[in-house]
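This report refers to the structure that appears directly beneath it.
Residue numbers (this note's numbering): 19 to 655.
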């Protein structure tokens, strides 16, 4: 049986061939000689009736393509044409217009939000006194208290396992395999009693040499350098020379352009116009540390003669940032013993946060006890604190301090865009070139202001600070101390904040003109006055990162039982809220109260590895006291 003959046959007939496919030439032309096409095919004779010439031409082309399969020949051409159109090589005057909308939170719309919310904000009388209710959280099962002992009879670290810490500390001071206690090491690291880690018990041995450091940066970066220098000098049993301050032009403290740093020039104040004693109480600093670290104001002449009385001839260590304490033992100490005088410049952030407990205690003592502002600064600061409390007597002497960073250099450095238009762009470009020449115009560098704002990196404007505080429940009668430099375009940007808080004051408003004359033109001294007033406020508000708020938070924790009493806004969330033109006052206020509550819950924070004791003094500089122990001690007294 053949494949194509399904009926069996005994004959020898040839099987029928298979049917031709529909696209066979048999079906394209008639079987006769006339060549008539079958009905239903695309032929010129089958044009739909009533069509104009354009339709007929299109119909003809389509029929030719389909009949001759020419479309497959045109497919590459069609693909290439489409790609050219997509890539923009070929363009047409008429095409779709795509409107790229900015991402929510990437545009500065705070003035529109203020105009929308102001009527409801002014008529809102439901808020209780926020100053008396802002801090509700207390530390569980007790409180934190300072436990830095600076007496010569010994420092007992009750917060740590003394035996274990003693052994680990003592092992760090094995120099070249030999224990040099009493010779190379401070006496307080060499106690025979392993149950105590004591400071100054047997006095200080002979010094291993002198350390000279230059503290660079602003007020609080210099403070970091000083505390680290105390810790390193104590660790190496060295004598610390009072640090010199190296000023950057951005801090604007006057400086004489002397090319050679000599001992005579440094001591006379010719090279640095502002010295350590202009900002800090030098005598108090030396006396507080006298049983732990030797501190002097000059290097003996017989040693400086070896260097021609020129400090630049002294070997300078270029220490990497966050260097471990072992680096100073293994690298710096041998050179110190050889040279007797070493120099470390610059010195900011040149010591790791994680150091042995005894070294950490030196940091704590330096920062929270030994570094006290000089008498002129301290007197001026305390005077302004007293005036703020007097002005806010209707609120029990409580006031809010705000650290506002909206100076021209900060706005320029942030690369954010506000609502100043072309003039703002011109001012910011000039400020960037003046302060950071070429940094922001490097080839390949792309600045995305919208992404910066979304990431919460833009400084808050005075208007935004005012809206935030009103939303958190602080009414217009609240007294506010503003710690800030010269606000950029202050007439425009400060007006809304003064409308919301008419009782806003600055040091220039509180002090008489002649009272501030000794401090003007010295940015670090003016910052020290602001630091003092902010330290004693009931609420401190930080609006931008930096050393100033970080040091203040730690210092306030040290003074107020471990709670920073600081509002730290979520600036990513604020960026979204200040860009939402549909938000109403009730919803905005709910978000702000939640943000305030979150700051309260974060007031108590324990230092974690690689955290700074300058922001988190617990538990390295403070001890936890249980309520039961506290009640027993109070009843015994």
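Note that beta-carbon positions come from the ideal geometry of N, C-alpha and C, so glycine has one too.
Just so you know, these numbers come straight off a predicted model, no measurement behind them.
Item, Value
"Option in 586, 355, 496, 483 with minimal Cα separation from residue 560", "586"
"Candidates 461, 365, 120, 432, of which the one nearest residue 261 by Cα", "365"
"Residue 515 versus 496, 529, 438, 531, residue with shortest Cα-Cα distance", "496"
"Which of helix, strand or coil DSSP assigns to residue 519", "coil"
"Sheet register partners of residue 264 (DSSP bridge)", "234"
"Cβ contact check for the segment 532–539 and the segment 366–386: 3 or more pairs under 8 Å", "no"
"Residue 153 in three-state terms, based on DSSP", "coil"
"Own chain, CB closer than 7 Å to residue 123, minus 5 neighbours either side, in chain order", "471, 472, 593, 594, 597"
"Rounded separation between residue 475 and residue 431 - CA only", "11 Å"
"Residue 501 - partner residues in DSSP beta bridges", "421"
"Identity of the residue in 503, 602, 558 nearest residue 617 by Cα", "558"
"Boundaries (first-last residue) of the beta strand (DSSP E) holding residue 361", "359–362"
"Enclosing alpha helix (DSSP H) for residue 311 [first to last residue]", "No alpha helix (DSSP H) contains residue 311, which DSSP labels as neither H nor E."
"Alpha carbon of residue 346 to alpha carbon of residue 412, nearest angstrom", "54 Å"
"CB-CB length for residue 370 against residue 340, believed under 8 Å", "5 Å"
"Whether residue 556 touches residue 338 by CB criterion (9 Å)", "no"
"is_contact[residue 533, chain D] using C-beta, thresh 9 Å", "Given the protein chain composition of this structure (a single chain), no chain D is represented."
"Nearest-angstrom Cα separation, counted from residue 407 out to residue 554", "10 Å"
"Straight-line gap, residue 287 to residue 549 (C-alpha atoms, nearest Å)", "Residue confidence for residue 287 is low, a pLDDT of 36 falling below 50, so the modelled location carries little weight; the figure read from the coordinates is stated next. The alpha-carbon atoms of residue 287 and residue 549 are separated by roughly 25 Å."
"One or two residues paired with residue 571 in a DSSP bridge", "Beta-bridge pairing links residue 571 to no other residue."
"Buried or exposed by the 16-neighbour rule on C-beta atoms within 10 Å, applied to residue 349", "exposed"
"Contacting residues, own chain, Cβ-Cβ under 7 Å from residue 367 (five flanking each side not counted)", "242, 339, 340"
"Spatial neighbours of residue 615 in its chain, beta-carbon cut-off 6 Å, leaving aside the 5 residues before and after", "none"
"Alpha-carbon to alpha-carbon, residue 321 and residue 621", "49 Å"
"Outcome for residue 206 when other beta-carbon atoms lying within 10 angstroms are tallied against a minimum of 16", "In this prediction, residue 206 scores a pLDDT of 43, lower than 50, which makes its location untrustworthy; no coordinate-derived value is stated."
"Residues that residue 585 bridges to, as DSSP identifies them", "559"
"Limits of the alpha helix (DSSP H) - the one that residue 162 falls within", "That residue, residue 162, is in no alpha helix (DSSP H); its beta strand (DSSP E) goes 161–164."
"Whole-Å CB distance - residue 433 paired with residue 395, under 8 Å assumed", "Not a contact, Cβ separation roughly 34 Å."
"Alpha carbon of residue 236 to alpha carbon of residue 542, nearest angstrom", "7 Å"
"Cβ contact (3+ pairs, closer than 8 Å) linking the segment 446–453 and the segment 486–495", "no"
"Burial state of residue 299 (16 or more Cβ within 10 Å)", "buried"
"For residue 8, the three-state DSSP class (helix, strand or coil)", "The structure shown does not extend to residue 8, since the chain is modelled only from 19 through 655, so no value can be given for it."
"According to DSSP, residues forming a beta bridge with residue 642", "162"
"Residue 599, DSSP secondary structure in three states", "coil"
"DSSP state of residue 254 mapped onto helix, strand, coil", "coil"
"Rounded distance between the beta-carbons of residue 403 and residue 551, thought under 8 Å", "6 Å"
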